[in-house]
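Residue numbers (the UniProt record's numbering): 1 to 138.
Beta carbons: idealized from backbone N, C-alpha and C, even for Gly.
Worksheet: one structure, shown below.
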Amino acid sequence: MTVDGVASLMPNLEVFPMSKPEGIKRKERLHDCVGEHNVRMISKYYTRISFQQMAKLLEFNIEQMETFVCKLIVEGVIPDAKIHRPSQIIYLSPKLSTVEILDQWGSNIHKLTSTINKVAHLIVKEEMVHGMEISQKA
1 MTVDGVASLM PNLEVFPMSK PEGIKRKERL HDCVGEHNVR MISKYYTRIS
51 FQQMAKLLEF NIEQMETFVC KLIVEGVIPD AKIHRPSQII YLSPKLSTVE
101 ILDQWGSNIH KLTSTINKVA HLIVKEEMVH GMEISQKA
């Protein structure tokens, strides 16, 4: 839903009087909140989206959309998003639960310790091979 759509649902309320500065601020704040909500919803359904498609869904022009998405990334609203400007694609990753993060961490630790064990084994093997060569030459 767009800001104008929300504002049109409340035609008789003086929430957004454009003649007053607080009305303009309220409309801008509502615009930001609706945009944040829309980006969160988009990130649930897309893992990668073009600048044009994102701008169309948010009803921004491309420059406004890029600035807005950058602001959301910096503020931590969508911390795992990446913007690839040359290809004009935004990569979004779903927010993981704490359990999923811990599972990934545990899996990464297991891979790391496995690699360290293999390296240690190869070092010992090399020491044994070179130790045998030295003792046979002497």
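message: Going by C-alpha to C-alpha distance, which of K56, Y45, Y46 and V39 sits closest to V69?
response: Nearest option by C-alpha distance: V39.
- request: Please name the residue, chosen from Y45, E59 and I109, that lies closest to D32 on a Cα-to-Cα basis.
  value: Comparing Cα-Cα distances from D32 to each of Y45, E59 and I109, the minimum goes to E59.
- request: Under 6 Å Cβ to Cβ from S93, same chain only, skipping five residues before and after it: list those, please.
  value: D80
- prompt: Going along the chain, which unbroken runs of the alpha helix (DSSP H) with 4 or more residues stay wholly within the segment 58-127?
  reply: 62-75
message: Tell me which residue opens and which closes the beta strand (DSSP E) that S50 is part of.
response: R48 to S50
task: Assign K27 to one of three DSSP states: helix, strand, or coil.
output: helix
8 Å Cβ shell around I78 - same chain, five flanking residues per side excluded: The beta carbon of I78 sits closer than 8 Å to those of V39, R40, S43, V69, L72 and L92, all from its chain and outside the five residues before and after it, given in chain order.
field: Distance CB(S114)-CB(Q88) smaller than 8 Å
entry: no
message: Tell me the DSSP secondary structure of S43 in three-state form.
response: helix
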